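Residue numbers (my numbering): 2 to 234.
Each residue gets a CB set at the ideal place from its N, CA and C atoms; glycine is no exception.
Source: prediction; values computed, not measured.
Data first, discussion second: the structure below is written as structure tokens.
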């Protein structure tokens with residue numbers, strides 16, 4: 002197990018040590034493209050001149066791509082999750098998951114149970130959790146784990162998967178030179194993020210990547226191709 006918050010902060014601190022700069026609360030307003038080449042990123046805090054841009058905006062990747070005149074088939078898929086107070090080990094199996102029931106449940110090492118539902122498509126992006134969702138998840142928990150009926154919910158939250166038609170990432174350069182995609186991880190970004198970073202670093206530096214990302218080119222959807230990976234959920 003890895004804490005997503007601590008892991009993210011650790012990557013950020015490591016990047017800073019290597020000279021990376023972070024601009025928080027800075028919205029991308031547009032991309033400057035000249036003669037088919039990326040030239041700058043226009044933000045709410047000014048223009049950043051650059052020759053390379055990676056579109057890794059998650060659920061907003063489709064919007065960023067449009068700024069460069071590129072259409073992506075991505076969409077945002079809303080998920081809600083809750084976590085309970087710690088309880089005795091053994092209340093829940095290591096992992097419960099059902100595609101037909103659209104739920105996933107796991108007891109964490111410290112005893113808390115984390116449970117979520119998917120998918121629930123929403124027309125707008127937002128992170129406010131709903132009473133309807135917590136009631137639905139609680140109903141599923143009690144049905145599957147009767148011993149959980151008196152457990153208190155500690156917190157709940159909502160978030161989005163950046164989905165692609167085949168639930169596989171989009172990696173690589175685009176028709177705009179210097180504009181790259183690293184998006185569409187479809188809920189697997191925390192798992193695939195490190196190797197995706199290695200792949201993108203190699204591509205931008207003109208080196209051979211550790212894994213050939215050719216099949217993850219965004220044009221595969223235009224060709225009617227799909228990546229089939231039955232062993233990842």
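Mind checking residue i: buried by the 16 CB within 10 Å criterion, or exposed?
i           : result
residue 63  : buried
residue 128 : exposed
residue 35  : exposed
residue 109 : exposed
residue 38  : exposed
residue 7   : exposed
residue 216 : exposed
residue 173 : buried
residue 182 : buried
residue 106 : buried
residue 15  : exposed
residue 201 : buried
residue 21  : exposed
residue 231 : exposed
residue 79  : buried
residue 11  : exposed
Distance check for residue j and residue i, CA to CA, integer angstroms please.
i           : j           : result
residue 54  : residue 205 : 10 Å
residue 212 : residue 65  : 26 Å
residue 147 : residue 93  : 10 Å
residue 47  : residue 24  : 11 Å
residue 77  : residue 118 : 15 Å
residue 166 : residue 74  : 7 Å
residue 151 : residue 4   : 27 Å
residue 142 : residue 97  : 10 Å
residue 214 : residue 18  : 28 Å
residue 101 : residue 161 : 20 Å
residue 228 : residue 221 : 9 Å
residue 99  : residue 144 : 13 Å
residue 223 : residue 188 : 23 Å
residue 149 : residue 87  : 11 Å
residue 33  : residue 61  : 18 Å
residue 13  : residue 225 : 37 Å
residue 49  : residue 132 : 42 Å
residue 91  : residue 153 : 17 Å
residue 95  : residue 9   : 25 Å
residue 57  : residue 207 : 19 Å
Which same chain residues, not among the five before or five after residue i, have their C-beta less than 6 Å away from its C-beta?
i           : result
residue 179 : 38, 39, 52, 53
residue 31  : 43, 68
residue 59  : 163
residue 197 : 183
residue 104 : 118, 141
residue 199 : 211
residue 168 : 187
Which residues in the same chain as residue i place their Cβ atom closer than 8 Å to its Cβ, once the five residues preceding and following it in sequence are excluded?
i           : result
residue 89  : 112
residue 209 : 203
residue 71  : 175, 176, 177, 180, 219
Near residue i, which residues of its chain fall below 7 Å by C-beta distance, leaving aside the five closest residues on each side in sequence?
i           : result
residue 186 : 163, 170, 193
residue 27  : 44, 45, 46
residue 29  : 42, 44, 65
residue 130 : 81, 157, 158, 159
8 Å is my cut-off, CB to CB: does residue i come that close to chain D?
i           : result
residue 160 : Looking for chain D here will not work: only one protein chain is present.
Inset, instruction - Taking 8 Å as the threshold, find out whether the region 192-200 comes into contact with the region 101-115 through three or more Cβ pairs. - result: no
Inset, instruction - Could I get the ranges of all uninterrupted alpha helix (DSSP H) runs contained in the region 120-156, with 4 residues as the minimum, in chain order? - result: 132-145
Legend entry - 4-residue-minimum alpha helix (DSSP H) runs that sit fully inside the region 22-73, ordered along the chain: 62-68
Inset, instruction - Would you mind listing the beta strand (DSSP E) stretches within the region 166-224 that are 3+ residues and don't spill past its ends, in chain order? - result: 171-174, 180-184
Inset, instruction - Could you tell me which uninterrupted alpha helix (DSSP H) segments, each at least 4 residues in length, are contained entirely in the region 67-110, listed from first to last along the chain? - result: none
Legend entry - Inter-stretch contact at 8 Å, needing at least 3 Cβ pairs: the region 76-91 / the region 148-159: yes
Legend entry - At least three beta-carbon pairs within less than 8 Å, the region 159-178 to the region 135-147: no
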